[in-house]
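**Q** The structure follows.
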Amino acid sequence: MTSSDVARHTVYQSLGIKTCSTSQSGKEEKIDDIPRCLTINGHVGFESLPDQLVNRSIQQGFCFNILCVGETGIGKSTLIDTLFNTNFDDFESSHFHPNVRLKAQTYELQESSVRLKLTVVNTVGFGDQINKEESYQPIVDYIDAQFEAYLQEELKIKRSLFNYHDSRIHACLYFISPTGHSLKTLDLLTMKSLDSKVNIIPVIAKADTISKTELQKFKIKLMSELVSNGVQIYQFPTDDETISQINSSMNGHLPFAVVGSMEEVKLGNKMVKARQYPWGIVQVENENHCDFVKLREMLICTNMEDLREQTHTRHYELYRRCKLEEMGFKDVSPENKPVSLQEAYEIKRHEFYGERQRKEEEMKQMFVQRVKEKEAILKEAERELQAKFEHLKRLHQEERMKLEEKRKYLEEEIIAFTKKKAASELLQNQPLNASGTSVKKEKDRKKTCDKKW
Amino acid sequence: MSKGFAENRTDVTMSELVAEPRPKPAVPMKPLGISSNLLGYIGIDTIIEQMRKKTMKTGFDFNIMVVGQSGLGKSTLINTLFKSQVSRKSASWNREEKIPKTVEIKAIGHVIEEGGVKMKLTVIDTPGFGDQINNENCWEPIEKYINEQYEKFLKEEVNIARKKRIPDTRVHCCLYFISPTGHSLRPLDLEFMKHLSKVVNIVPIIAKADTMTLEEKMEFKQRVRKELEVNGIEFYPQKEFDEDLEDKTENDKIRQESMPFAVVGSDKEYQVNGKRVLGRKTPWGIIEVENLTHCEFALLRDFVIRTHLQDLKEVTHNIHYETYRARRLNDNGGLPPGEGVLPPAPASPCPATIAE
Chain A
1 MTSSDVARHT VYQSLGIKTC STSQSGKEEK IDDIPRCLTI NGHVGFESLP DQLVNRSIQQ
61 GFCFNILCVG ETGIGKSTLI DTLFNTNFDD FESSHFHPNV RLKAQTYELQ ESSVRLKLTV
121 VNTVGFGDQI NKEESYQPIV DYIDAQFEAY LQEELKIKRS LFNYHDSRIH ACLYFISPTG
181 HSLKTLDLLT MKSLDSKVNI IPVIAKADTI SKTELQKFKI KLMSELVSNG VQIYQFPTDD
241 ETISQINSSM NGHLPFAVVG SMEEVKLGNK MVKARQYPWG IVQVENENHC DFVKLREMLI
301 CTNMEDLREQ THTRHYELYR RCKLEEMGFK DVSPENKPVS LQEAYEIKRH EFYGERQRKE
361 EEMKQMFVQR VKEKEAILKE AERELQAKFE HLKRLHQEER MKLEEKRKYL EEEIIAFTKK
421 KAASELLQNQ PLNASGTSVK KEKDRKKTCD KKW
Chain B
1 MSKGFAENRT DVTMSELVAE PRPKPAVPMK PLGISSNLLG YIGIDTIIEQ MRKKTMKTGF
61 DFNIMVVGQS GLGKSTLINT LFKSQVSRKS ASWNREEKIP KTVEIKAIGH VIEEGGVKMK
121 LTVIDTPGFG DQINNENCWE PIEKYINEQY EKFLKEEVNI ARKKRIPDTR VHCCLYFISP
181 TGHSLRPLDL EFMKHLSKVV NIVPIIAKAD TMTLEEKMEF KQRVRKELEV NGIEFYPQKE
241 FDEDLEDKTE NDKIRQESMP FAVVGSDKEY QVNGKRVLGR KTPWGIIEVE NLTHCEFALL
301 RDFVIRTHLQ DLKEVTHNIH YETYRARRLN DNGGLPPGEG VLPPAPASPC PATIAE
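Respectively, the protein sequence lines represent chains A and B. With the first letter of the first sequence counted as 1, position 143 gets the number 143 in full-length UniProt numbering; the numbers rise by one all the way through. With the first letter of the second sequence counted as 1, position 53 gets the number 53 in full-length UniProt numbering; the numbers rise by one all the way through.
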């Protein structure tokens with residue numbers, strides 16, 4: 001246990017409160033130590049506990065999500081219809097999609113008291129393109145998106161996991177073309193990229209095109225190719241004694257060669273699901289004809305719960321671990337001391353907060369700087385304007401003074417002239433008798449002077 | 001994410017589900033007139049068996065806490081409930097050890113098996129509760145213990161590499177023993193239940209019910225129920241968690257008529273009418289523990305173990321634990337006080353953003 005637990009222990013001891021589990025001898029041990037085995041002397045009744053659990057689950061309902069990967073026209077929708085004995089909404093998809101899309105449909109099935117929410121996800125346009133490099137990426141992304149949604153819900157503060165509609169893919173049926181030779185490169189690539197994210201169950205589709213002997217060879221070839229390329233397909237679990245035998249024998253029949261059909265053909269006095277050819281009738285539920293019954297048995301009747309559990313405990317946990325590590329969280333710090341997620345998160349948050357502070361400061365300073373600069377420029381302009389104004393004012397003043405001087409000078413001249421005029425008139429009026437002509441001449445002279453003036 | 005996926009977003013399941021709020025019900029085809037073998041049956045209901053097998057393999061945990069003043073018969077009742085020597089009775093060691101000065105928490109684990117079902121039972125005893133002269137805040141150690149278990153679980157859950165099955169030490173059920181005074185609840189009882197009904201499922205029990213006659217019992221129970229209601233104490237089964245009408249009617253009946261159960265405990269057997277029964281022998285008769293006319297032990301046992309065991313665990317996990325977790329992740333930005341590497345940063349965004 002961590003040092004914090006030891007610390008807590010000592011703190012409590014000082015307060016006089018012991019948290020301990022005492023055995024008969026009174027030693028202090030942790031609760032997780034081996035508990036005593038007791039025998040009960042009568043019927044207590046907790047053997048009904050699994051029933052209580054199961055009743056609860058029935059109330060809530062189950063959900064199961066299947067992903068079907070395979071080329072267009074290989075029989076995915078038909079097989080799902082046959083598996084669940086219903087005509088789901090299906091229509092033939094075209095071969096001319098530019099890229100691979102995933103289409104999901106949810107159905108509610110009910111059988112006796114069990115309600116199942118079945119989601120079937122189909123790959124539309126898989127294997128149709130000329131360039132198939134991007135074909136498997138949308139599938140991987142889809143599966144990751146479902147894990148991500150679950151992870152998000154789990155990381156929320158206020159979460160409701162028990163109400164959550166689980167959309168993670170529990171089983172992936174991979175449809176292999178019945179060429180009879182080997183796996184296609186696209187199949188290998190896709191399966192390799194999916195095997196760590198989902199339980200892959202490979203099936204050989206349209207198995208009525210292969211004869212029995214060819215089928216055997218084909219199966220062996222397929223399995224050896226898968227093994228040699230390190231593709232981990234889903235193995236039926238063999239740890240429970242009741243089903244280990246049947247599971248291990250089924251493991252030997254992988255991949256299942258299936259035929260799907262919803263059409264019924266009269267055989268003897270029964271109607272069976274079959275495909276009618278001129279040369280005979282291929283019965284879907286006849287174990288000699290194809291492995292359909294085995295697939296249904298394994299997928300639904302025996303291992304549905306295990307598929308769900310594997311998805312949750314292996315694939316989802318792997319995804320979660322990778323995702324959290326990617327985000328920089330570790331369980332163990334570089335000094336090999338256990339670091340809790342909370343502490344790591346707190347450190348990161350503090351870092352980011354510091355960053356943000358710093359950036360804010362920077363921006364503030366820059367802003368202040370710019371403002372100062374602008375202010376300086378404006379002040380400069382103002383000063384210039386002021387200077388110009390002063391200069392002009394001065395000029396104006398000077399002009400004015402000059403004009404003033406000129407006016408004064410002019411006025412003085414006018415005064416001098418009027419004086420002269422007054423004086424000359426006086427002179428004229430005195431010698432009027434003595435020399436009329438001279439006066440006349442003087443008068444004329446004055447008149448012409450006046451005129452001049 | 002690749003460009004291909006970004007374009008495909010519109011076709012991802014969530015939008016499909018959103019577009020059809022009620023998924024189409026597809027009914028399995030009915031078999032046609034001419035008889036056929038496998039049509040119509042798929043085998044979906046076998047999932048029940050699969051689930052049952054799996055859970056039986058993994059086993060169950062159950063943690064039950066008993067709280068009450070000493071001498072009320074807590075250990076005897078636990079022994080009677082689980083029909084084995086689960087706890088050592090205090091009467092035997094009280095002579096050597098003193099009454100503890102403060103409330104202690106003692107948790108003892110046992111493994112019991114019945115009908116192929118293995119259960120790891122942990123009984124958490126609280127000696128010293130209510131025994132001192134000054135009993136103020138004596139529920140605090142208990143509350144602390146319960147919160148510690150939630151904390152332990154939370155720490156495990158938050159790890160990057162998690163264990164496949166996180167060991168569950170959270171207290172699923174707390175049996176609170178009420179003294180059979182015949183009058184009303186004591187202030188200590190009220191305080192304790194007020195504080196703890198928010199963090200754990202409390203099942204109140206009237207202890208040593210053989211000290212009351214039938215009428216006294218009825219009156220006392222009514223008074224206790226009234227007091228609990230007046231004080232706003234929600235004991236298990238809580239009204240707000242009733243999911244559907246069926247649950248509600250069933251739980252209402254239990255809440256309003258039977259609870260709190262008036263019990264008598266005993267681990268000694270006596271011969272009554274040719275059968276060996278658990279009981280208490282007195283000069284005036286033998287009180288049979290499992291006889292419904294004598295006391296309500298059988299009701300308590302059926303309630304806690306046979307019908308509501310799983311529900312107790314679920315309410316603890318889905319409601320009490322989630323409340324604790326939400327509160328913890330909100331306070332202090334998710335860091336326990338005093339244990340932090342750094343001081344708590346102000347104005348914290350919620351942890352949900354770490355996944356963005």
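Positions of the beta carbon are idealized from the N, C-alpha and C atoms, including for glycine. Computed from a predicted structure; not experimentally measured.
Among residues of its own chain, excluding the 5 on either side of Asp166(A), which ones have a beta-carbon nearer than 6 Å to its beta-carbon?
**A** Around Asp166(A): Cys63.
**Q** Could you tell me the boundaries of the alpha helix (DSSP H) in which Val315(B) lies?
**A** Taken as a continuous stretch (DSSP letters only), the alpha helix (DSSP H) holding Val315(B) covers 309-315.
**Q** Please check the pair Lys273(A) and Val284(A), which I expect to be a contact at CB under 8 Å, by giving their CB distance rounded to whole angstroms.
**A** 4 Å
**Q** Looking at the structure shown, is Val158(B) part of a helix, part of a strand, or coil, going by DSSP?
**A** Secondary structure at Val158(B): helix, using DSSP grouped into helix, strand and coil.
**Q** Which residues, in order along the region 347-369 of chain A, keep a beta-carbon less than 8 Å from a beta-carbon of chain B?
**A** Ile347, Lys348, Arg349, His350, Tyr353
**Q** Beta carbons nearer than 9 Å to chain B: which residues of the region 225-251 of chain A have them?
**A** Asp239, Asp240, Thr242, Ile243
**Q** With a threshold of 8 Å between beta carbons, is Lys164(B) in contact with chain A?
**A** yes
**Q** State the CB to CB distance for the pair Ile166(B) and Phe153(B), rounded to an integer number of angstroms; the pair is presumed to be in contact (CB under 8 Å).
**A** 6 Å
**Q** For residue 507(A) and Lys221(B), I'd like the C-alpha separation in whole angstroms.
**A** Coverage of chain A is limited to positions 1 through 453, which leaves residue 507(A) absent and any answer about it impossible.
**Q** For my contact list, Leu77(B) and Val263(B) are in at a C-beta cut-off of 8 Å; report their separation, rounded to the angstrom.
**A** 6 Å
**Q** For Glu243(B), I'd like the list of residues in its chain whose CB is within less than 7 Å of its CB, leaving aside the five on either flank, ordered along the chain.
**A** none
**Q** The beta strand (DSSP E) with Phe175(A) in it runs from where to where?
**A** 171-176
**Q** In chain order, what residues of the same chain lie with their CB nearer than 7 Å to the CB of Phe303(B), ignoring the 5 residues before and after it?
**A** Ile254
**Q** What does a CB cutoff of less than 7 Å around Asp291(A) pick up in its chain, not counting 5 residues either side in sequence?
**A** His253, Phe256, Ala257, Val258
**Q** Comparing C-alpha positions only, which one of Gly268(A), Glu398(A), Ser57(A) sits nearest to Gln310(B)?
**A** Ser57(A)
**Q** What residues from the region 46-58 of chain B come within 8 Å of chain A, judged by C-beta to C-beta, listed N to C?
**A** Thr46, Ile47, Ile48, Gln50, Met51, Arg52, Lys53, Lys54, Thr55, Met56, Lys57
**Q** Which residues bound the beta strand (DSSP E) around Ala205(A)?
**A** Segment: none, Ala205(A) is in no beta strand (DSSP E) and carries neither H nor E.
**Q** Against Gln52(A), what residues of chain B qualify as contacts under a CB-to-CB distance less than 9 Å, listed in chain order?
**A** Arg306, Thr307, His308, Leu309, Gln310, Asp311
**Q** To the nearest angstrom, report how far apart Val44(A) and Phe82(B) are at their CA atoms.
**A** 6 Å
**Q** Out of Ala149(A), Ile80(A), Asn99(A), point me to the one whose CA is closest to Glu134(A)'s CA.
**A** Asn99(A)
**Q** Anyone know if the C-beta pair for Asn147(B) and Tyr324(B) falls short of 8 Å?
**A** yes
**Q** If I measure Cβ to Cβ from Pro237(B) and keep anything under 6 Å in the same chain, skipping five residues before and after, which residues do I get?
**A** Asn251
**Q** So, is the C-beta of Lys275(B) closer than 8 Å to a C-beta in chain A?
**A** no
**Q** Do you know how far the Cα of Thr242(A) is from the Cα of Asn229(A)?
**A** About 32 Å.
**Q** Mind the definition here: the region 217-233 of chain A touches the region 186-203 of chain A only if three or more C-beta pairs lie below 8 Å; say whether that holds.
**A** yes
**Q** Near Val371(A), which residues of its chain fall below 8 Å by C-beta distance, leaving aside the five closest residues on each side in sequence?
**A** Nothing listed; no residue qualifies.
**Q** If we ignore side chains and look at the alpha-carbon of each, how far apart do Lys221(A) and Tyr353(A) end up?
**A** 58 Å
**Q** Around the C-beta of Glu28(A), are 16 or more other C-beta atoms found within 10 angstroms, so that it is buried, or is it exposed?
**A** Note that Glu28(A) scores a pLDDT of 36, beneath 50, so its modelled location is shaky; the value from the coordinates is reported in the next line. Glu28(A) comes out exposed.
**Q** Within 10 Å of its beta-carbon, does Ile133(B) have 16 or more other beta-carbons around it, so buried, or fewer, so exposed?
**A** exposed
**Q** Which residues of chain A have a Cβ atom closer than 7 Å to the Cβ of Ala326(B), listed in chain order?
**A** Ile157, Lys158
**Q** Using a Cβ-Cβ cutoff of less than 7 Å, which residues in the same chain neighbour Thr209(A) once the five nearest sequence positions on both sides are dropped?
**A** These residues qualify, in order along the chain: Pro178.
**Q** Thinking just about the alpha-carbon of each residue, which of Ile246(A), Leu299(A), Leu307(A), Ile377(A) is nearest to the one in Lys197(A)?
**A** Leu307(A)
**Q** Any beta carbon from chain A within less than 8 Å of Ala298(B)'s own beta carbon?
**A** no
**Q** By the 8 Å beta-carbon criterion, what residues does the region 35-51 of chain A contribute toward chain B?
**A** Pro35, Arg36, Cys37, Leu38, Thr39, Ile40, Asn41, Gly42, His43, Val44, Gly45, Phe46, Glu47, Ser48, Leu49, Pro50, Asp51
**Q** Span of the alpha helix (DSSP H) holding Gln59(A)?
**A** 49-60
**Q** Quick check on Met250(A): buried or exposed, where buried means 16 or more other Cβ atoms within 10 Å of its Cβ?
**A** buried
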